[in-house]
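Start counting the sequence shown at 22; every next residue gets the next number (the working numbering).
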Amino acid sequence: MGADKVSSLHPSKSRGVRVEAEEESHLDLAPHFWRFPVKIEDYGTDAYPIRMSSLTSLQRCPAMSLIGDARLDLSEQRSGRAAQTGTAVGRIIELWHAGRAMQDAVRQTTLEAQGQVDKRSALPQADLKKAETWAVGYAEDPRNPQDGVLACSLEREVRLELEPDPEDPTGKPILLVGHTDQVRRNNFGRLELWDVKSGSPGGAQMLAEYAWQLCAYSLACTESYGEAVVPGGVIRVRDYTARRIDLMEGVFYHAAYTLDDARSMMRGVAHHVAMIRKGIVHQHPGVHCLYCPAQGPHLCGRLLEPLDEDWNLG
Ligand code: SF4
């Protein structure tokens, strides 16, 4: 971490990047981006809990995670087509496990995606045909009996409190909140947390990318169920594009983590939160820059610069 590029709350004092005239249109967005809704020391508290679904973003690049959060709070976040298709397939599967016929689940999800139930849950960019194909494949897979998940686990809200990192200047516990996809009981009688994913990366890659998320869900479920809920893994519904089950690759990618591993991984989360609460926002350029709202590693540092006092506006 020491070698990471770092933006502090006062980067302009240390780096003094000159702003070129032709970049003004991008920089104009900066104050808008950074109307962060709480004081930064309240990041990860009751005043501003961290969404478990955003842990992957925090894991990849803390700057991206904060920029994404700020946009969400401005209600301007329009997730892309792929993300909305993923939400749609997850919703169909959830309704189906809740006892709806598949056709009914698809119809209901279509109405919701079109904004006919609640405009806030509209998914205008979702590819509903693709979502239906994957959901139907899922329902036809004998490994997914309709009553094979705990009904109470479907979109269940869970919370997890983490000990702050020793370097955390606030000393406040860290609050994570999330909604689980599903918990199943395995053949050995143990509860497992599974997350439905529709992305294109391979299953092994997804397991690594969603490690913090899976672990946070599992630990939170363990607390709220009063019974160990171990990380199960990801269900890669894209594999249901192959219409014959004997031709399907993967689908179920098992996480090899224990709950102790999960607890240990949460120390990494606590450390990242401590840095942010100190006002240190690490930038980790990588392939994720391609879909970051900051629009590229050559621009995000400049977006962070105008923060100074604005960051803590609250
Ligand atoms: S552009 Fe890249 S490095 Fe910059 S905030 Fe986004 S993901 Fe991080």
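Beta carbons: idealized from backbone N, C-alpha and C, even for Gly.
Remember, predicted model here, so these are calculated numbers, not experimental data.
Can you have a look at Glu248 and say buried or exposed, based on whether 16 or more other CB atoms are within 10 angstroms of its CB? exposed
Spatial neighbours of Glu44 in its chain, beta-carbon cut-off 7 Å, leaving aside the 5 residues before and after: No answer about Glu44 holds up, because its pLDDT of 42 lies below 50 and its placement is not dependable.
Is Ala237 near the ligand SF4, going by C-beta to nearest heavy atom under 8 Å? no
Can you give the Cα-Cα distance for Pro17 and Thr106, rounded to whole angstroms? With the chain represented from 22 up to 335, any question about residue 17 goes unanswered, as that position is not in the structure.
Leu334 versus Ser86: straight-line alpha-carbon distance, rounded: No answer about Leu334 holds up, because its pLDDT of 37 lies below 50 and its placement is not dependable.
Is Met85 close to the ligand SF4? I mean its beta-carbon at under 8 Å from any heavy atom of the ligand. yes
Are the CB atoms of Arg257 and Tyr274 nearer to each other than 9 Å? yes
With DSSP collapsed to three states, give me the class of Glu182. strand
Under 8 Å, with one C-beta from each stretch per pair, do the segment 284-294 and the segment 227-245 reach the 3-pair mark? yes
Does Tyr238 come out as helix, strand or coil in the three-state DSSP assignment? helix
Beta-bridge partners of Leu196, as assigned by DSSP: Glu182
For Ser74, tell me which candidate among Glu176, Tyr246, Glu244 has the shortest Cα-Cα distance. Glu176
If you reduce the DSSP assignment to three classes, tell me which class Glu62 lands in. helix
Buried or exposed, going by whether 16 or more other CB atoms sit within 10 Å of the CB of Pro166? exposed
List the DSSP bridge partners of Phe273. Ile256
Could you tell me if Glu213 is buried or exposed, where buried requires 16 or more neighbouring beta carbons within 10 angstroms of its beta carbon? buried
Using the C-alpha atoms, what's the distance from Leu181 back to Ala237? 7 Å
Can you name the start and end residues of the alpha helix (DSSP H) that Glu133 belongs to? 123-134
From what residue to what residue does the alpha helix (DSSP H) around Thr280 run? Checking the sequence shown, residue 280 turns out to be Leu, not Thr. Element bounds for Leu280: 280-298.
Report all residues from its chain with a CB closer than 7 Å to the CB of Gly65; omit the five preceding and five following residues, and keep chain order. Ile71, Ile195, Leu196, Val294
Hey, would you say Asp202 sits closer than 9 Å to Gly111, going by beta carbons? yes
DSSP-derived helix/strand/coil call for Val157: helix
Distance, Cα to Cα, Asp216 vs Glu62? 31 Å
Quick check: is any heavy atom of the ligand SF4 less than 8 Å from the C-beta of Ala152? no
Is there contact here, the segment 294-305 with the segment 78-85, by at least three beta-carbon pairs under 8 Å? yes
Does the Cβ of Lys150 have 16 or more other Cβ atoms within 10 Å, making it buried, or fewer, making it exposed? exposed
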